[in-house]
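What the sequence shown shows, in our numbering, is residues 1493 to 1682, in sequence order. Working notes, structure below.
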Amino acid sequence: MKYRIAKVISYVTVVPVVAFITILLSFIYRTRCFSSTGWFVYSIIFLTIIPILAYPVHRIVPALRKGGRNSERKLAFIFAVVSYVLGTLLTFVFGAPIIVKKIFMAYLLSGIFLSFVNKGLKIKASGHACGVSGPITLLVNILGIQMIWLFLLMPVVYWSRINLGRHNIVELILGTFIGIVSTLVAVSIV
């Protein structure tokens, strides 16, 4: 039972799902800042739909399926990076509202910082922790300090990842730190 609960938490806190919730809350509470529902839909497409497409693509393509979980993770990473880079570039090309630029920059920089630590420095940091702490930081920036309570979700993420055997506490804390710092950098430069 404990394993199943941890698995559900893991699925709910996967980056594209958290991105959807972040965009939705931002849109609900700051609709006027999006200028139109078009930017809301745009954000959902580039930060949720395209990245999550990696999972069905992995299941459909036999050569990818043979690679197992590692292959799936790599494909999800590629889909996310391409989507974040393209989505962010287009926000500047088409003059997206500042809130949309902040959201995209936060996701792009989180991905860059996490990649640098994991691939460049060869230190394993939790993508789940980064993918939850960054959006919480973003929501605090966009919606105000009253959203700080969302950080109470971090122990739940930690519990899930530890119980699934995916990370230890140091990797989770490092992922959390990367999510917060990269998001603070992103919102300060946009």
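Beta carbons: idealized from backbone N, C-alpha and C, even for Gly.
Taking C-beta to C-beta, are residue i and residue j nearer than 8 Å?
| i | j | result |
| --- | --- | --- |
| A1617 | V1609 | yes |
| V1708 | I1590 | This structure cannot settle anything about residue 1708, because the visible part of the chain is limited to 1493 through 1682. |
| S1602 | I1501 | no |
| R1557 | R1565 | no |
| V1632 | I1640 | yes |
| F1538 | S1575 | yes |
Do you know whose CA, among the options, lies nearest residue i's CA?
| i | options | result |
| --- | --- | --- |
| V1533 | R1557, A1588, I1637 | A1588 |
| L1666 | V1679, Y1650, L1517 | Y1650 |
| A1498 | F1643, S1602, L1545, S1652 | S1652 |
| V1504 | M1646, V1662, F1538 | M1646 |
| A1598 | T1514, G1559, V1574, G1626 | G1626 |
| L1664 | Q1638, L1644, I1637, G1619 | G1619 |
| L1516 | G1612, I1595, V1549, I1661 | I1595 |
| L1644 | R1496, T1668, P1548 | T1668 |
Leaving aside the five residues before and after residue i along the sequence, list all residues of the same chain whose C-beta is less than 6 Å from its C-beta, in chain order.
| i | result |
| --- | --- |
| F1512 | T1540 |
| A1546 | L1567, A1568, F1571 |
| I1615 | V1609 |
Taking just the CA atoms, how far does residue j sit from residue i?
| i | j | result |
| --- | --- | --- |
| V1577 | T1529 | 21 Å |
| H1659 | R1561 | 15 Å |
| V1509 | P1543 | 10 Å |
| G1579 | V1679 | 16 Å |
| I1672 | S1535 | 20 Å |
| L1642 | S1674 | 18 Å |
| L1630 | C1622 | 12 Å |
| P1554 | I1637 | 47 Å |
| S1563 | F1584 | 32 Å |
| T1514 | I1628 | 8 Å |
| I1661 | P1548 | 31 Å |
| V1573 | R1496 | 29 Å |
| L1582 | L1600 | 13 Å |
| R1524 | K1611 | 39 Å |
Quick one: what's got a C-beta closer than 8 Å to residue i's C-beta in the same chain, skipping five residues either side?
| i | result |
| --- | --- |
| R1522 | I1591, I1634, L1635 |
Within the same chain, show all residues whose beta-carbon is closer than 7 Å to that of residue i, passing over the 5 residues directly before and after it, in chain order.
| i | result |
| --- | --- |
| K1494 | N1655 |
| F1526 | F1519, F1532, P1589, I1591, V1592 |
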